[in-house]
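Encoded as structure tokens, the structure appears first; notes follow it.
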Amino acid sequence: MTSKRRFRGLIVAGGTLAAAIVLAACGGSGGIENSSSGPANVQTAKYTPPPSGDLTISNWPLYIDKNTVSNFDKATGVNTTYIEDVNDNQEFFAKMQPLLAKGQSGGRSMFVVTDWMAKKMYDFGYLQKIDKAGIPNVTANLRDNLKHPSFDPNRDFSVPWQSGMTGLIVNSKLAPNVHSINDLFDPQYKGKVEMLTELRDTVPLVMKADGIDPNTATQQDWLDTIDKLKQAVASGQIRRFTGNDYTRDMANGDVSAIIGWSGDAVQLQADNPDIQFRMPTQGCILWSDNMVLPVGAPNTTAAEAFMNYVYDPHNQAPIASYNSYVTPVDGVREIFQKTNPDLVNDPLIFPTADYTKNCSTQPNLSGQEEQTVTRAFEGVLNS
Amino acid sequence: MRNQRIVALRRRLIPYFLLGPGILWLILFFVVPMYYMGRLSLDTGVFPSFQFNWQFSNYSDVLSAYDTQFIRAFEYSAAATVIGLLIAYPLAYAIAFRGGRWKNAMLLAVIAPFFTTYLIRTLAWETILSDNGFVVHTMQSLGLISGDGRVLATSGAVIAGLTYNFLPFMILPIYASLERLDRSLIEAAKDLYSSSRQAFLRVTLPLSMPGLVAGTLLTFIPATGDYINAQFLGGAQQSMIGNVIQSLYLKQTDYPAAAALSFTLMAAMLAIVFIYIRFAGSEALMGEEVEST
Amino acid sequence: MEAHAAALPRRRQSAGTRAWKWLKEHAVVIYGALAIAYMLIPIALIIAFSFNDPAGKFNFTWQGFTLSHWAHPFVISELTDALLLSLRLAALATLISTVLGTMIALALVRYDFFGRRASNYLIVIPTATPEVVLGASLLSMFLIYGLSLGFTTLLIAHVMFCISFVVIVVRSRLIGFDRSLEEAAQDLGADPITTFRKITLPLIWPGVIAGALLAFALSIDDFVVSNFTAGTTVTFPLYIFGAAQRGIPVQVYIIATMLFATTVLAMIFTVWQQRRADRLASVRPEQEV
Chain A
1 MTSKRRFRGL IVAGGTLAAA IVLAACGGSG GIENSSSGPA NVQTAKYTPP PSGDLTISNW
61 PLYIDKNTVS NFDKATGVNT TYIEDVNDNQ EFFAKMQPLL AKGQSGGRSM FVVTDWMAKK
121 MYDFGYLQKI DKAGIPNVTA NLRDNLKHPS FDPNRDFSVP WQSGMTGLIV NSKLAPNVHS
181 INDLFDPQYK GKVEMLTELR DTVPLVMKAD GIDPNTATQQ DWLDTIDKLK QAVASGQIRR
241 FTGNDYTRDM ANGDVSAIIG WSGDAVQLQA DNPDIQFRMP TQGCILWSDN MVLPVGAPNT
301 TAAEAFMNYV YDPHNQAPIA SYNSYVTPVD GVREIFQKTN PDLVNDPLIF PTADYTKNCS
361 TQPNLSGQEE QTVTRAFEGV LNS
Chain B
1 MRNQRIVALR RRLIPYFLLG PGILWLILFF VVPMYYMGRL SLDTGVFPSF QFNWQFSNYS
61 DVLSAYDTQF IRAFEYSAAA TVIGLLIAYP LAYAIAFRGG RWKNAMLLAV IAPFFTTYLI
121 RTLAWETILS DNGFVVHTMQ SLGLISGDGR VLATSGAVIA GLTYNFLPFM ILPIYASLER
181 LDRSLIEAAK DLYSSSRQAF LRVTLPLSMP GLVAGTLLTF IPATGDYINA QFLGGAQQSM
241 IGNVIQSLYL KQTDYPAAAA LSFTLMAAML AIVFIYIRFA GSEALMGEEV EST
Chain C
1 MEAHAAALPR RRQSAGTRAW KWLKEHAVVI YGALAIAYML IPIALIIAFS FNDPAGKFNF
61 TWQGFTLSHW AHPFVISELT DALLLSLRLA ALATLISTVL GTMIALALVR YDFFGRRASN
121 YLIVIPTATP EVVLGASLLS MFLIYGLSLG FTTLLIAHVM FCISFVVIVV RSRLIGFDRS
181 LEEAAQDLGA DPITTFRKIT LPLIWPGVIA GALLAFALSI DDFVVSNFTA GTTVTFPLYI
241 FGAAQRGIPV QVYIIATMLF ATTVLAMIFT VWQQRRADRL ASVRPEQEV
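If you read the sequences in order, they're chains A, B and C. Quick note on this note's numbering: the first sequence kicks off at 1 and runs consecutively. Quick note on this note's numbering: the second sequence kicks off at 1 and runs consecutively. Quick note on this note's numbering: the third sequence kicks off at 1 and runs consecutively.
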């Protein structure tokens, strides 16, 4: 009886395996295996005014004031859906990639990603070029120092949403003497320090504190710095690595000094006046988050109309005063002189050249170097 | 005659009709994906283009890189299982033997908390265990932790979270087993043995073994692959293997490495399950005795 | 004098030992009560925080009591959309998995057939597999096939992990089932389908409902498998995961409290129904004369 059963069991197992192999043979085309990559033909979006219809935008959270979207809808007749589902460049890329590879955008007409991710997506052929006819305000009002970035010299496929600075956010009561990134490694702050999961923010900042220019660093420089971080984790110096959630730990008082983004400091300050942004002595990292048009984007006309709309200084002003990041639009300062005079000299929204004299832009990594460095860094995050 | 044969044939086929759709679903979406995961684990290449290449070195690469997280996952999970057992068994015993009229209410009180979303429960613990919160201050004044110590971002917090979140999986099978016990056996044992402690150790405990082992298994295995507790309650040094798998799949898009790691985890867990089934039979996994049909 | 001296210490002793004895006897119950209290702590916090009144953007600390958010629990459109999607997904997944699972349970309990043992394993093993492996394997398959992730892939995944739990619940209900009622019906001339409809189904109904309830709860609550198979679709737990990074709005706590209250009520209702069904048919064989 048992041997007969075992025999039958084997037949069932064998049959299932055979069926599975047959299923496997009809593998997918367009799947992750044996797919092609690279921009075959990068299209340019066509701007056909007037803007109308539905528009879906994906952006980072807490990046826009309450009224801009509805004001835009009223001014143009477009019906905008604004979703805040970009929490991390890599995670967003991983989610979107299967769609973008097939030329689809999942219904999104526009989304906002950081410089390096915009470049990465463009190199894969996942973005469309923007029709300049639809964005005259951008051409006119984009700040000079953002007009020709190295990753998109003619601003063909990206339009800055906001710029920002990565530096120190400090609780001045708990950590009054932290002024340099290297102060974060001071044992008196052990377990009260956090850093960002964003590779291109954390490692370059630590490199700068050791005198290395991130934009000319070698792969070995990257790996050595990552090693320094690994040791700081092992000793318990760094409590953890975070994305936007450092705000919780700062607000709770669980940490006293972190690497963070300039705009968040202002929002944290509203609840706790001791918290402030500090420009590290060796300088910060400058970056922009950019509006881009994905392949397969429906209604690119409305998307470009939105870009154009927020580049009118009158419309940009409430956005800038809400999120306290560096505004990429000229003319906002003049408006603030009448409406928000206390913000006119805010270095976080209008940083002077002197304020950012030691700052670097986010460095570029690609190919094998990117994979090696990313893997090493992720190994530290998941120690 | 022919009618009889048709009826007999129909009766023989009925179980397959009943079984078919569900089993087919499980085969297509549980068994077959395992094959694909195995296949992905043997790919080489750079994102986004991978090729199948019998790349067994993926496994050795990934296991040597992440052995710490693997071992840590087993350690945390084992600790959570043991502590969970110590909490769950007396609780199940209390409900089964001392519950009386309140049995159902107590069971409800035990299960209901787990009808809030898993994430919110864990985040609630993150708030409760915050450095400047009531719990930590009390522990500091009682001397349980040092004056500037913390609970969050330590192994303790992660283990506490795992224990809490998997408690119902431990309680319910043990309760079911205890509930099914023939009370007259326990009465007899109390008559025969000198103390109720002896009666418990020699009769109750052994008879509740199926439920106990089922609960242990249903806690240990899912807890090993968990990553939420480590993410919210732990720090940089508390990453479990689930965190790595999630990072590799959903952040780094390093699919072959991710699949290799996941496949290894699954193989390890399946091995434990099969050893268990060998000893106890498959019905016992549901906390029941083998029934007669 | 002797008696007086002997009486005094005995009275003192017995008070102390009496207390100790009471403690030992009720140790288990006290322990149980403490355990239940421990399990309810986070729930208390969640309910409390639904009344929080955060001043700034972040909702991390307690700042004040207010009922105003309870008046507007659905103001955040992304949250409401995610909730509706989760409810739709859970409803469909529950329907499909309950039907399939009940059928499997009937087959497993009542018939002996070739492949029964293997089916038993196949049912039980998914419950003992880490969720990360379930999600990762499904994602692997979808990636290789180049399928678009979304509601459909979510539904597939949810039904998959719900079936096993439905089978386990319905099965335990079926095992103690008294067949004599069915046999009586068939003696009276009812064909199998009518017997099933009029006798079997109503009697196992509480078990089926319990299984469905469990499936619903599992689906609404699922995070890990959904994280891997949702793509860009956002379910309620996935929304919370994203929101956790910048402060969960009070509305999330409110909705969580509402879900909790609803499920508790549903459970109470199910138990009440089960008691009724128990009285209609003898479920425990050992109670037969």
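Note that CB positions come from ideal geometry on N, CA and C, so glycine has one too.
query: Residues of chain A with CB under 8 Å from Arg88(C), in chain order?
result: Listed along chain A is no residue with a C-beta nearer than 8 Å to that of Arg88(C); the closest approach is about 18 Å.
field: Backbone CA spacing between Gln220(A) and Ala209(A) [nearest angstrom]
entry: Using only the alpha carbons, I get a separation of about 16 Å.
task: Specify, as a first and last residue, the run of the alpha helix (DSSP H) that Pro160(A) falls within.
output: Run containing Pro160(A): none in the alpha helix (DSSP H); it sits in the beta strand (DSSP E), Val159 to Asn171.
Bridge partner(s) assigned by DSSP for Phe50(B): Partner(s): Glu33(A) and Gly45(B).
task: For Met110(A), write down the residues that DSSP places opposite it in a beta bridge.
output: In DSSP, Met110(A) forms a bridge with Ile57(A).
field: Endpoints, the beta strand (DSSP E) within which Asp289(A) is located
entry: That run of the beta strand (DSSP E) goes Ile285 to Pro294.
query: Are the stretch 99 to 115 of chain A and the stretch 293 to 307 of chain A in contact at 8 Å, needing three or more beta carbon pairs?
result: Taking 8 Å as the limit for Cβ pairs, the verdict is that the stretch 293 to 307 of chain A does touch the stretch 99 to 115 of chain A.
message: Against Ala256(C), what residues of chain B qualify as contacts under a CB-to-CB distance less than 8 Å, listed in chain order?
response: Those within 8 Å of Ala256(C) in chain B are Thr116, Thr117 and Ile120.
message: Would the stretch 273 to 292 of chain A count as touching the stretch 147 to 158 of chain A if we require 3 or more Cβ pairs under 8 Å?
response: Three or more beta-carbon pairs drawn from the stretch 273 to 292 of chain A and the stretch 147 to 158 of chain A are found closer than 8 Å, and the two stretches are therefore classed as touching.
- prompt: Which same chain residues, not among the five before or five after Leu23(C), have their C-beta less than 8 Å away from its C-beta?
  reply: Here the set comprises Ile30.
query: What separation, rounded to the nearest whole angstrom, lies between the Cα atoms of Arg240(A) and Leu381(A)?
result: Take the alpha-carbon of Arg240(A) and the one of Leu381(A): they are about 8 Å apart.
query: Looking at the C-beta of Phe241(C), does it have a partner C-beta in chain B at a distance below 8 Å?
result: Chain B has a Cβ within less than 8 Å of the Cβ of Phe241(C).
message: The alpha helix (DSSP H) that contains Thr81(A), what's its start and end?
response: Note, Thr81(A): premise wrong, no alpha helix (DSSP H); beta strand (DSSP E) at Asn79 to Ile83.
- prompt: Can you find a CB in chain A that lies within less than 8 Å of the CB of Tyr164(C)?
  reply: Looking at the sequence itself, residue 164(C) is Ser, so the reference to Tyr does not match. Not flagged as an interface residue toward chain A: Ser164(C), since no C-beta distance is shorter than 8 Å.
message: Quick check on Arg2(B): buried or exposed, where buried means 16 or more other Cβ atoms within 10 Å of its Cβ?
response: Exposed, because fewer than 16 other Cβ atoms sit within 10 Å of the Cβ of Arg2(B).
field: Helix, strand or coil at Asn177(A) [DSSP, three-state]
entry: When DSSP states are grouped into helix, strand and coil, Asn177(A) belongs to the coil group.
Neighbour list for Lys251(B) in chain A, Cβ cutoff strictly below 8 Å: Those are Asp88, Gln90, Glu91, Ala94 and Glu378, listed as they occur along chain A.
- request: Report yes or no: is there a C-beta of chain B within less than 8 Å of the C-beta of Val233(A)?
  value: Chain B contact via Cβ: present.
message: So for Met209(B), helix, strand or coil by DSSP?
response: Looking at Met209(B) - three-state DSSP - the assignment turns out to be helix.
message: What residue range does the alpha helix (DSSP H) around Ile6(B) cover?
response: Arg2 to Leu26 is the span of the alpha helix (DSSP H), which, as asked, contains Ile6(B).
task: State the beta-bridge partners of Ser360(A) as determined by DSSP.
output: BP columns for Ser360(A) point to Ile285(A).
field: Any C-beta of chain A under 8 Å from that of Asn58(B)
entry: The beta carbon of Asn58(B) does not come within 8 Å of any beta carbon belonging to chain A, so the residue lies off that interface.
message: Is there a Cβ of chain C sitting closer than 8 Å to that of Asn104(B), yes or no?
response: For Asn104(B), the answer is yes, since a Cβ of chain C falls inside 8 Å of its Cβ.
task: Below 8 Å on the Cβ atoms is my guess for Leu83(C) versus Phe236(C); work out the distance and round it to an integer in Å.
output: Going by Cβ atoms, the distance from Leu83(C) to Phe236(C) rounds to 5 Å, so yes, they are a contact pair.
- prompt: Sorted by chain position, which residues of the same chain lie with C-beta nearer than 7 Å to Asn141(A)'s C-beta, five sequence neighbours on each side aside?
  reply: Annotation for Asn141(A): Tyr311, Pro313, Val329, Asp330 and Gly331 place their beta carbon closer than 7 Å to its own, counting only its chain and skipping 5 residues before and after.
message: So for Thr247(A), helix, strand or coil by DSSP?
response: Assignment of Thr247(A) by DSSP, reduced to helix, strand and coil, places it in the helix class.
query: So Phe185(A) is in the beta strand (DSSP E); what residue range does that whole segment cover?
result: Here Phe185(A) belongs to no beta strand (DSSP E), and DSSP marks it neither H nor E.
query: Alpha carbon to alpha carbon, what distance is there between Leu178(B) and Ala199(B)?
result: Spanning the alpha carbons of Ala199(B) and Leu178(B) requires a straight line of approximately 14 Å.
query: Is Ala7(C) close to chain B, meaning its C-beta is less than 8 Å from at least one C-beta of that chain?
result: Because the pLDDT at Ala7(C) is just 48, under 50, the model does not fix this residue reliably, and the value given afterwards should be weighed accordingly. Not a single C-beta of chain B is nearer than 8 Å to the C-beta of Ala7(C).
query: Between the Cα of Pro162(B) and the Cα atoms of Gln238(B), Gly211(B), Ser195(B) and Arg101(B), which residue gives the shortest distance?
result: Note that residue 162(B) corresponds to Leu in the displayed sequence, not to Pro. The shortest C-alpha to C-alpha distance from Leu162(B) to any of Gln238(B), Gly211(B), Ser195(B) and Arg101(B) is the one to Gln238(B).
query: Got a sec? Which residues, its chain only, sit under 8 Å from Met384(A) by beta carbon, not counting five neighbours each side?
result: Given a span of 1 to 383 for chain A in the structure shown, any question on residue 384(A) remains unanswerable.
field: Best match in Asn59(A), Val42(A) and Gly77(A) for proximity to Pro49(A) [C-alpha to C-alpha]
entry: Taking only the C-alpha atoms, the option nearest Pro49(A) is Gly77(A).
- prompt: So, is Leu185(B) buried or exposed, given that buried needs 16 or more other C-beta atoms within 10 angstroms?
  reply: With fewer than 16 neighbouring CB atoms inside 10 Å of its own CB, Leu185(B) falls in the exposed class.
message: With a threshold of 8 Å between beta carbons, is Leu83(C) in contact with chain B?
response: Chain B contact via Cβ: absent.
- prompt: To the nearest angstrom, how far is it from the Cα of Ala243(C) to the Cα of Tyr253(C)?
  reply: Taking C-alpha positions only, Ala243(C) is separated from Tyr253(C) by approximately 12 Å.
- prompt: When you compare each of Phe241(C), Leu265(C) and Val124(C) to Leu123(B) by their alpha carbons, which one comes out closest?
  reply: Answer by Cα proximity: Phe241(C).
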